[in-house]
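K.L.:
Before I ask anything, here is the structure I am working with.
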Amino acid sequence: MSTLRSKIESVVVDAARPDLCQFQCNGALAVAKSAGRNPRELAVEIMERLSEKPMFKNIEIAGPGFLNFTLTDAYIINHASEVSVDESMGCDTAAKELRVVIDFGGPNVAKPMHVGHLRSAIIGDSLQRLFRYLGYNVISDNHLGDWGTQMGMLISELRRREPSLPYFDEFFGGEYPAEAPISIVDLELMYPEASKKCKADSELMAEAIVCTDQLQQGRPGFVALWKHFVNLSVKTLNVDFEKLDVKFDHWLGESYYMDRMSTVVDRLKKDGFAETSEGATVMHVVTEKDTKEIPPVMLVKSGGGFLYATSDIATIDYRVETFNADRICYVVDKRQGLHFEQVFRAVKKSGIAPESLMLEHVGFGTVNGADGKPYKTRDGGVMKLGDLITLVIDKAVERISEANVAADQSEEARREIAEIVGMAALKFADLQNHRLSDYVFDLEKFSSFEGKTGPYLLYSAVRIKSILRKATDAGFPVGSIAVCTSEAERNLMLELAKFEDTLIAAAADTAPNYLCDYVYDLSKVFNRFFKECHILREENETTRGSWLALVSYTLSTMETVLGLLGIQVPERM
RNA sequence: GCCCCUGUAGCUCAGUAGGAUAGAGCAACGGUUUCCUAAACUGUAGGUCGUAGGUUCGAUUCCUAUCGGGGGCACCA
Numbered sequence: 138m139s140t141l142r143s144k145i146e147s148v149v150v151d152a153a154r155p156d157l158c159q160f161q162c163n164g165a166l167a168v169a170k171s172a173g174r175n176p177r178e179l180a181v182e183i184m185e186r187l188s189e190k191p192m193f194k195n196i197e198i199a200g201p202g203f204l205n206f207t208l209t210d211a212y213i214i215n216h217a218s219e220v221s222v223d224e225s226m227g228c229d230t231a232a233k234e235l236r237v238v239i240d241f242g243g244p245n246v247a248k249p250m251h252v253g254h255l256r257s258a259i260i261g262d263s264l265q266r267l268f269r270y271l272g273y274n275v276i277s278d279n280h281l282g283d284w285g286t287q288m289g290m291l292i293s294e295l296r297r298r299e300p301s302l303p304y305f306d307e308f309f310g311g312e313y314p315a316e317a318p319i320s321i322v323d324l325e326l327m328y329p330e331a332s333k334k335c336k337a338d339s340e341l342m343a344e345a346i347v348c349t350d351q352l353q354q355g356r357p358g359f360v361a362l363w364k365h366f367v368n369l370s371v372k373t374l375n376v377d378f379e380k381l382d383v384k385f386d387h388w389l390g391e392s393y394y395m396d397r398m399s400t401v402v403d404r405l406k407k408d409g410f411a412e413t414s415e416g417a418t419v420m421h422v423v424t425e426k427d428t429k430e431i432p433p434v435m436l437v438k439s440g441g442g443f444l445y446a447t448s449d450i451a452t453i454d455y456r457v458e459t460f461n462a463d464r465i466c467y468v469v470d471k472r473q474g475l476h477f478e479q480v481f482r483a484v485k486k487s488g489i490a491p492e493s494l495m496l497e498h499v500g501f502g503t504v505n506g507a508d509g510k511p512y513k514t515r516d517g518g519v520m521k522l523g524d525l526i527t528l529v530i531d532k533a534v535e536r537i538s539e540a541n542v543a544a545d546q547s548e549e550a551r552r553e554i555a556e557i558v559g560m561a562a563l564k565f566a567d568l569q570n571h572r573l574s575d576y577v578f579d580l581e582k583f584s585s586f587e588g589k590t591g592p593y594l595l596y597s598a599v600r601i602k603s604i605l606r607k608a609t610d611a612g613f614p615v616g617s618i619a620v621c622t623s624e625a626e627r628n629l630m631l632e633l634a635k636f637e638d639t640l641i642a643a644a645a646d647t648a649p650n651y652l653c654d655y656v657y658d659l660s661k662v663f664n665r666f667f668k669e670c671h672i673l674r675e676e677n678e679t680t681r682g683s684w685l686a687l688v689s690y691t692l693s694t695m696e697t698v699l700g701l702l703g704i705q706v707p708e709r710m
């Protein structure tokens with residue numbers, strides 16, 4: 138099934154001036170230039186060719202050569218009717234060959250997640266849902282930061298605190314304890330302290346780096362300790378991801394590629410891509426065509442440790458070999474752009490990745506406070522993701538009791554609604570911005586539950602559910618879309634017809650904000666229809682049945698799009 | 001120093017192949033409730049799209065310069 142727009146002609150676009158027409162075509166203007174012809178004449182020819190089709194109510198030529206199309210109501214009704222009974226709402230969801238790896242989340246061991254991780258998690262999650270919906274073979278992977286210098290910092294910090302633990306005894310031959318030597322709370326407190334000390338004191342930093350290198354070389358006590366750290370951390374990370382309703386197919390952290398890193402580095406050396414420079418192993422990725430400086434990729438530190446780039450290269454090697462990936466999307470802070478450019482160049486140049494592999498850094502901007510600086514807590518500390526979620530949900534609870542809604546519901550049900558509403562507020566507030574732009578995170582603003590917010594959308598959807606419930610109770614059957622009695626109704630059908638185009642554009646640009654705009658526009662158009670066409674009071678059965686079908690179709694579309702944003706709709710609110 | 005991103009209404013942001021009168025939310029000032037959830041609907045006002053050139057029939061969009069803001073640039077991730 139094709140979209141209403143593309144049923145006319147593929148080059149036709151939605152109207153820029155809805156007051157003049159429903160769809161428009163600017164092709165005559167573009168073609169006229171290359172053909173050396175008058176655009177209006179060309180437009181007349183196109184119009185004559187198309188005007189025979191019965192779908193058109195009207196075709197006009199306007200301005201310098203725009204073609205303006207208006208469809209007959211019968212045609213619009215027919216399209217809406219067909220799509221409304223289609224399981225995928227007219228969208229091509231057939232399985233596609235392309236295998237897409239989406240790398241997102243990327244939390245670090247021992248560091249609680251913060252607002253930056255929020256963006257990666259919900260943008261990445263939206264993309265995985267979108268690509269899956271469109272039929273792509275998606276593999277999502279939470280690339281846990283469990284193998285970097287922060288591990289060395291933690292190990293050396295703990296050694297200073299508790300030197301007698303067996304993990305630090307090089308000659309210890311027994312079994313290491315099954316229980317972790319510290320709690321998760323201690324671990325999370327220990328990291329910021331260790332990090333601060335290392336930054337301030339180069340000797341401590343050197344010690345941390347030595348510990349990191351030794352860990353990476355497999356020193357048994359350090360590995361045992363490291364496993365404890367990872368296990369503790371993963372437990373708390375899971376709590377946050379669960380609250381966000383974000384799931385991954387894999388949790389393959391950097392450490393997973395430990396063996397592969399040395400293999401890959403050896404191969405790069407053997408094939409002449411890597412060389413030694415100032416004691417470190419590096420790979421040059423600059424080409425003759427470059428006008429800018431591209432620093433070489435650092436593969437091995439002079440002390441023997443691997444780096445961020447090494448693990449990313451090894452990871453690509455794995456994803457090509459094991460997942461047979463055609464495309465890899467990295468949903469990572471845009472400030473890491475240079476890193477990815479280097480890594481992408483390295484794998485292409487060395488042949489680790491085939492030329493056909495699409496490597497894409499899906500970058501995103503920072504989350505700022507009202508002052509335009511990165512978002513912090515009131516006392517200037519890092520806002521933890523878990524705390525942020527709590528704030529948002531508390532706000533929703535507060536608002537619900539204020540507005541005295543869902544008063545007939547149990548305490549538990551209201552709590553559940555508050556969680557859904559809070560998460561919708563949070564996710565929609567983030568996703569509606571283009572991912573690359575920095576945005577101001579204003580709790581009051583998106584918790585105000587007014588305007589272009591998640592809760593507004595939920596409210597619209599919930600009202601539809603309510604109508605459908607009442608219709609069922611009254612014994613009104615859902616018919617098929619058969620009438621178009623008002624402009625509001627026609628506009629709703631036309632808006633619904635934009636569904637597939639929106640999804641395709643969002644996927645092409647990896648831009649969930651297109652979905653946000655669409656579902657918001659749809660809600661607005663629906664709310665107008667809702668105001669003007671009183672469904673349950675309508676006495677004509679055909680009209681009422683048609684409206685119920687239209688309303689049900691709107692609900693499916695809204696729930697689907699919200700679902701692609703990771704937002705669920707409650708039954709009542 | 002080099003490179004990348006960015007500058008759109010009072011504020012926060014959209015603007016999906018160069019197209020007609022540049023959009024939305026909030027804030028401001030109005031209107032709508034015997035009516036399916038008023039967390040709604042709706043009207044008005046508000047912009048020389050940072051500035052100056054260029055390409056084009058046509059530029060917020062592409063190119064150049066310039067100013068302002070942010071970011072990145074070998075042993076952190």
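Under my numbering, the first residue of the first sequence is numbered 138, with each subsequent residue one higher.
Idealized CB from N, CA, C, for every residue including glycine.
Being a predicted model, the structure only gives us computed values, none of them experimental.
If we ignore side chains and look at the alpha-carbon of each, how far apart do Q287 and G164 end up?
P.N.:
57 Å
K.L.:
Alpha carbon to alpha carbon, how far is G355 from D454?
P.N.:
22 Å
K.L.:
Report back the beta-carbon spacing between S293 and E344 to the nearest angstrom; my notes put them in contact at under 8 Å.
P.N.:
5 Å
K.L.:
Is the distance from the Cβ of V480 to the Cβ of A446 below 8 Å?
P.N.:
yes
K.L.:
Tell me, to the nearest whole angstrom, how far the beta carbon of R256 is from that of V504; I am working on the premise that it is less than 8 Å.
P.N.:
So it is a contact: roughly 6 Å between Cβ atoms.
K.L.:
Please determine, among Y313, L381, H421, V360, the residue with the shortest C-alpha to C-alpha distance to L393.
P.N.:
It is Tyr, not Leu, that sits at residue 393 in the sequence shown. Checked all of Y313, L381, H421, V360; the closest Cα to Y393 is V360.
K.L.:
Do G390 and L295 count as a contact pair if the criterion is CB distance below 8 Å?
P.N.:
no
K.L.:
Does DSSP classify D610 as helix, strand or coil?
P.N.:
Note: D610 maps to helix in three-state DSSP.
K.L.:
Give me the DSSP bridge partner(s) of F193.
P.N.:
L208
K.L.:
Of the residues A608, G488, I537, D654, which one's Cα is nearest the Cα of G588?
P.N.:
Restricting attention to A608, G488, I537, D654, the CA atom closest to the CA of G588 is found in D654.
K.L.:
Can you list, in chain order, the residues of its chain with a C-beta nearer than 6 Å to that of E556? Leave out the 5 residues immediately preceding and following it.
P.N.:
I530
K.L.:
Can you round the beta-carbon distance between K336 and G272 to whole angstroms, since I take them to be within the 8 Å contact cut?
P.N.:
Actually they are not in contact, since the Cβ atoms of K336 and G272 sit about 48 Å apart, beyond 8 Å.
K.L.:
Would the beta-carbon of N570 be found less than 7 Å away from any heavy atom of the ligand ADP?
P.N.:
Only the bare structure without any ligand can be found here, which leaves the ligand ADP out of the picture.
K.L.:
For a quick check, are the C-beta atoms of S603 and C670 less than 8 Å apart?
P.N.:
Going by C-beta atoms, S603 is not nearer than 8 Å to C670.
K.L.:
So, does the segment 406 to 414 touch the segment 466 to 473, judging by three or more C-beta pairs under 8 Å?
P.N.:
The segment 406 to 414 is not in contact with the segment 466 to 473.
K.L.:
Assign K510 to one of two classes, buried (16 or more other C-beta atoms within 10 Å of its C-beta) or exposed (fewer than that).
P.N.:
Exposed.
K.L.:
Straight-line CA distance for F305 to E316?
P.N.:
16 Å
K.L.:
Rounded to a whole number of angstroms, what is the C-alpha to C-alpha distance between G518 and D323?
P.N.:
Each residue's Cα considered, the two are about 18 Å apart.
K.L.:
For R627, which option in A153, I196, T207 has the closest C-alpha, if you only look at C-alpha atoms?
P.N.:
Here the closest residue by C-alpha is T207.
K.L.:
What's the gap between the Cα of V698 and the Cα of R552?
P.N.:
24 Å
K.L.:
Just mark S448 as buried or exposed, buried being the case when its beta carbon has 16 or more other beta carbons within 10 Å.
P.N.:
buried
K.L.:
So, helix, strand or coil for L281, using DSSP?
P.N.:
Coil at L281, not helix or strand.
K.L.:
How many whole angstroms separate the CB atoms of W284 and M395, which I take to be in contact at a CB cut-off of 8 Å?
P.N.:
Contact flag correct, Cβ pair sits at about 7 Å.
K.L.:
Looking only at DSSP bridge pairs, what is D466 linked to?
P.N.:
One point to set straight first is that residue 466 is Cys, not Asp, in the sequence displayed. The partner list for C466 (beta bridge, DSSP) reads I239, E497.
K.L.:
Is DSSP giving M226 helix, strand or coil here?
P.N.:
coil
K.L.:
Distance, Cα to Cα, Q569 vs A152?
P.N.:
23 Å
K.L.:
Select from I641, P201, S263 the residue whose C-alpha is nearest the C-alpha of F565.
P.N.:
S263
K.L.:
Under 8 Å by Cβ, that's how I've got A561 and L595 pegged, so tell me the actual separation to the nearest angstrom.
P.N.:
5 Å
K.L.:
Return the chain-ordered ranges of every alpha helix (DSSP H) run that is complete within the segment 553 to 639 and spans a minimum of 4 residues.
P.N.:
Listed in chain order, the complete alpha helix (DSSP H) runs (minimum 4 residues) inside the segment 553 to 639 are 580 to 584, 591 to 610, 624 to 633.
K.L.:
Are the Cβ atoms of C348 and G440 separated by less than 8 Å?
P.N.:
no
K.L.:
What do you get for N375, buried or exposed, if any count of 16 or more other CB atoms within 10 angstroms of its CB means buried?
P.N.:
N375 counts as exposed, since fewer than 16 other C-beta atoms from the protein chains shown sit within 10 angstroms of its C-beta.
K.L.:
Could you pull out every residue in the same chain whose Cβ sits closer than 6 Å to the Cβ of D386, ignoring the five residues on either side in sequence?
P.N.:
I276, S277
K.L.:
When the Cα atoms are used, what is the spatial distance from D210 to G227?
P.N.:
19 Å
K.L.:
How close, in whole Å, do the beta carbons of G506 and K513 come, if the pair is a contact with beta carbons under 8 Å?
P.N.:
6 Å
K.L.:
Quick one: what's got a C-beta closer than 8 Å to A231's C-beta in the same chain, skipping five residues either side?
P.N.:
G272
K.L.:
Tell me whether the beta-carbon of V468 lies closer than 8 Å to the beta-carbon of I239.
P.N.:
Yes, Cβ-Cβ distance for V468 and I239 is below 8 Å.
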